[in-house]
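These notes concern the structure reproduced below.
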Amino acid sequence: MLAGLDPDQRTAVTAPAGPVCILAGAGTGKTRAVTHRIAYRTMSGEISPRHVLAVTFTARAAAEMRARLGALGAGGVQARTFHAAALRQVRYFAPRLLEGRQMPELVESKARLVGLAAARAGVRADRTAARDLAGEIEWAKSSLVEPGEYAVAAAKALREPPYEPARVAEVFAAYEQLKRRQGVIDFEDLLRAAVWGIEEHQDVADQIRAQYRHFVVDEYQDVNPLQQRLLDAWLGGRDDVTVVGDASQTIYSFTGATSAYLIDFPRQRRGAVVVRLVRDYRSTPQVVGLANAVIRQARGTEAKLRLELVGQRPPGPEPELKIFPDEHGEAIAVARRCRELIAAGTPASEIAVLFRTNAQSETYEEALADAEVPYVVRGAERFFERAEVRQAMIALRAAVRSIPGETPLVEAVVEALAATGWNRHHPPPGGAAREQWEALAALVALAEEYAASPEILPIGEAGRVQREVTLAAFNDELARRAEQQHAPTVSGVTLASLHSAKGLEWDAVFLVGLADGTLPTTYAKTAEQLEEERRLLYVGVTRARHVLWLSYGQSRSPGGRTRRPCRFLPQLTRGGAAETRTTEPGRKPERRRPQVSSCRICGATLLAGADRKLGRCPTCPSDLDEDLHERLLAWRASTAAQLKVPAYVVFTDATLVAVAERRPADPAQLLAIAGIGPRKLGQYGDAVFALVAGASPDDLAPKNFEN
Numbered sequence: 001m002l003a004g005l006d007p008d009q010r011t012a013v014t015a016p017a018g019p020v021c022i023l024a025g026a027g028t029g030k031t032r033a034v035t036h037r038i039a040y041r042t043m044s045g046e047i048s049p050r051h052v053l054a055v056t057f058t059a060r061a062a063a064e065m066r067a068r069l070g071a072l073g074a075g076g077v078q079a080r081t082f083h084a085a086a087l088r089q090v091r092y093f094a095p096r097l098l099e100g101r102q103m104p105e106l107v108e109s110k111a112r113l114v115g116l117a118a119a120r121a122g123v124r125a126d127r128t129a130a131r132d133l134a135g136e137i138e139w140a141k142s143s144l145v146e147p148g149e150y151a152v153a154a155a156k157a158l159r160e161p162p163y164e165p166a167r168v169a170e171v172f173a174a175y176e177q178l179k180r181r182q183g184v185i186d187f188e189d190l191l192r193a194a195v196w197g198i199e200e201h202q203d204v205a206d207q208i209r210a211q212y213r214h215f216v217v218d219e220y221q222d223v224n225p226l227q228q229r230l231l232d233a234w235l236g237g238r239d240d241v242t243v244v245g246d247a248s249q250t251i252y253s254f255t256g257a258t259s260a261y262l263i264d265f266p267r268q269r270r271g272a273v274v275v276r277l278v279r280d281y282r283s284t285p286q287v288v289g290l291a292n293a294v295i296r297q298a299r300g301t302e303a304k305l306r307l308e309l310v311g312q313r314p315p316g317p318e319p320e321l322k323i324f325p326d327e328h329g330e331a332i333a334v335a336r337r338c339r340e341l342i343a344a345g346t347p348a349s350e351i352a353v354l355f356r357t358n359a360q361s362e363t364y365e366e367a368l369a370d371a372e373v374p375y376v377v378r379g380a381e382r383f384f385e386r387a388e389v390r391q392a393m394i395a396l397r398a399a400v401r402s403i404p405g406e407t408p409l410v411e412a413v414v415e416a417l418a419a420t421g422w423n424r425h426h427p428p429p430g431g432a433a434r435e436q437w438e439a440l441a442a443l444v445a446l447a448e449e450y451a452a453s454p455e456i457l458p459i460g461e462a463g464r465v466q467r468e469v470t471l472a473a474f475n476d477e478l479a480r481r482a483e484q485q486h487a488p489t490v491s492g493v494t495l496a497s498l499h500s501a502k503g504l505e506w507d508a509v510f511l512v513g514l515a516d517g518t519l520p521t522t523y524a525k526t527a528e529q530l531e532e533e534r535r536l537l538y539v540g541v542t543r544a545r546h547v548l549w550l551s552y553g554q555s556r557s558p559g560g561r562t563r564r565p566c567r568f569l570p571q572l573t574r575g576g577a578a579e580t581r582t583t584e585p586g587r588k589p590e591r592r593r594p595q596v597s598s599c600r601i602c603g604a605t606l607l608a609g610a611d612r613k614l615g616r617c618p619t620c621p622s623d624l625d626e627d628l629h630e631r632l633l634a635w636r637a638s639t640a641a642q643l644k645v646p647a648y649v650v651f652t653d654a655t656l657v658a659v660a661e662r663r664p665a666d667p668a669q670l671l672a673i674a675g676i677g678p679r680k681l682g683q684y685g686d687a688v689f690a691l692v693a694g695a696s697p698d699d700l701a702p703k704n705f706e707n
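Mind the numbering: the sequence shown is residues 1 to 707 in the working numbering, read in order.
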């Protein structure tokens, strides 16, 4: 059980009975630690597997835990989600608790019942609004808030409900009444029923506590007040509980999850053993270094438990930071790089493109489809399969008949969408409604891009013609994109939001759209909300094992408003860490902002010195003139020998490669190569121009040049 464990994991595994808090950073082997702890205790005879209950947050995580425990010889342990464990107990005790009555049916989704409840409360709510109302009710019930308490609790929690809080409270109350009349319960009722059964029925409590005596809770930073209440009921004042979590991965507070229980665990449970797992076995040291740089600046309560990870894998490539003129160029570059990785042997299923909102997926779906790279969308429908997008496309086709043909395209699209109730300048509150609004905003962005770049299309031998920028033509373009992106795929590059990527990992990860306003989102206004956005970026970075690409477009569409890069990104150096320079003693270091230039091949902004010198990304193809490069090397050796200086004093290797690739023909072009200034132009310029023109190194002699 102890073989192969690092010292910190061993400490966690062998900790004595009682409260144990394992603070486990991303990739540090937390599942290995907790499963070995359970198996170690069972094999030593300290506990029996049938007396252990391990709870997780996803069925996938529970299945993985059961499989590992079985392989370790602890197959009798119950590993379940909170809801699965509660359902099993409520069903077992239902005849006793309900005095012979049948257990109510469990509804899988609240949305339909919430819609009916809204109508009874006099609130007009479409399907999207019903989903947002359901989300508010779920948050309230998970936070142990009753209908009469909702308005005050929502204000205190800075919620943004889809309607006035008092109206939401009325719908909440109507929903509870409707459930009772129909004899059904929801998932929160299930947890409450389990709590009620234990707290109000001593015989039930005694039986459950005799069965389960030792508890493990995974992802403890994501526990909500209702789940904590159930855990406390199971424990019944006992303290044999092991919790595992990482405060820096707290990203679900909008659902009612809180890291407060993890943070307060040592204070609430006297004598608790606290173990920190910081050895990262998932990611290269370069990725780990960037993750540490991102989270090092965190503030607030969660930052108290911040972990400094230590990479354990062999070194890998540096994280790449790319800046493009617009999102379209960004997506094309990402798709091209994905294709290169696949061609080099990386399975498509080991590549992920991660973004802040699902509405961002369309641009990457299109680019990957054009590049013939297979992809799958995780956690959401493909863009053109979403109901709101399909309805919007119907409205756009209908608008061709009602909107005058001379109307500018973007104006026509906005007008057509406004007829469906969409308002460009007023995004609605509520998660589902806002996501729907953003999907339609993405259609407007597509129209802006389409109008800004009217391509010249071939029409056979007769010549070429400029593409029409009309609403009808734009509808044809949308139909073409939809057809391309509906191609079924079995395995491909994963497209997912950062929230959907939690708990997953890939060999290569592309974090895209890293611009202020997107990440952090414009809806994050408080310090706590901004810190959660920072943690989202941290989660994204730590999904990468080997290759990590970070990028953003300076504008959404060609010619659009310039955006700032994500404020949470440190300036990357070749070591993947924050680049700073010192100032006066006692003052904080100032961030150094290197001169920015663009790749002459793909257009990405170059930040690393060697890349700026070459004028291209290290991954873009080289156009090196090998004959010129050989003559430059020979000339440099001869010149350095005559001047009695090291060769690099004349020109570095990188500078010679840049000259051989860019072949400067005049002083301006030579000065454009980073690292060449007026001094070297005067000393070596004539020789370089002669070599570029075809001269032999033997015909050239160095100029006398006084320092």
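Heads up, the beta-carbon is just placed ideally off N, CA and C, and yes, glycines get one too.
Between the options, which lies nearest to residue i when the distance is taken from Cα to Cα?
i, options, result
"L656", "G517, L643, A637 and V334", "A637"
"E533", "A544, G540, L519 and T542", "L519"
"V243", "V34, R679, V692 and A173", "V34"
"G45", "V377, G73 and E200", "G73"
"T407", "A451, L628 and L537", "A451"
"G122", "L548, V184, V241 and Y175", "Y175"
"A317", "D507, G115, R662 and P678", "In the sequence on display, residue 317 carries Pro and not Ala. Checked all of D507, G115, R662 and P678; the closest Cα to P317 is D507."
"A166", "L158, E149 and A157", "E149"
"P314", "I332, T284, I394 and L113", "T284"
By the 10 Å Cβ neighbour count, where 16 or more other Cβ atoms means buried, how is residue i classified, buried or exposed?
i, result
"H328", "buried"
"V217", "buried"
"A491", "Looking at the sequence itself, residue 491 is Ser, so the reference to Ala does not match. Classification for S491: exposed."
"A155", "exposed"
"N358", "buried"
"S343", "The question names Ser, yet the displayed sequence has Ala at residue 343. Classification of A343: exposed, given that the 10 Å Cβ count is below 16."
"D132", "buried"
"I456", "Because I456 carries a pLDDT of 43, less than 50, the predicted location of this residue cannot be relied on, and no value is offered for it."
"L158", "exposed"
To the nearest angstrom, how far is it from the Cα of residue i to the Cα of residue j?
i, j, result
"N292", "K179", "48 angstroms"
"A418", "S497", "27 angstroms"
"F568", "Q297", "8 angstroms"
"A412", "L471", "7 angstroms"
"F187", "I351", "34 angstroms"
"P147", "V168", "9 angstroms"
"D8", "H36", "13 angstroms"
"D370", "Q312", "38 angstroms"
"T582", "V294", "Model confidence at T582 stands at a pLDDT of 30, short of 50, so the residue's coordinates are unreliable; what they give is reported in the following sentence. Cα-Cα distance, rounded: 20 angstroms."
"E584", "P570", "Summary for E584: the model assigns pLDDT 37, below 50, so the residue's position carries little reliability, and this model does not support an answer."
"L191", "I198", "11 angstroms"
"W422", "E365", "24 angstroms"
"S551", "V512", "5 angstroms"
Let me know the secondary structure DSSP gives residue i once reduced to three states.
i, result
"Y212", "coil"
"G503", "coil"
"V389", "helix"
"K644", "coil"
"I22", "strand"
"I673", "coil"
"A274", "Here the sequence assigns Val to residue 274, which means Ala is not the residue at that position. The answer is strand: DSSP assigns V274 an E or B state."
"G70", "helix"
"T655", "helix"
"F187", "helix"
"V243", "strand"
"G148", "helix"
"G553", "strand"
"L2", "coil"
"G135", "helix"
"L614", "helix"
"T363", "helix"
"R345", "The question names Arg, but residue 345 in the sequence shown is Gly. Coil at G345, not helix or strand."
"R80", "strand"
For residue i versus residue j, is the C-beta distance shorter than 8 angstroms?
i, j, result
"R563", "G517", "yes"
"L290", "G25", "no"
"A129", "P162", "yes"
"Q669", "D326", "no"
"G540", "L354", "yes"
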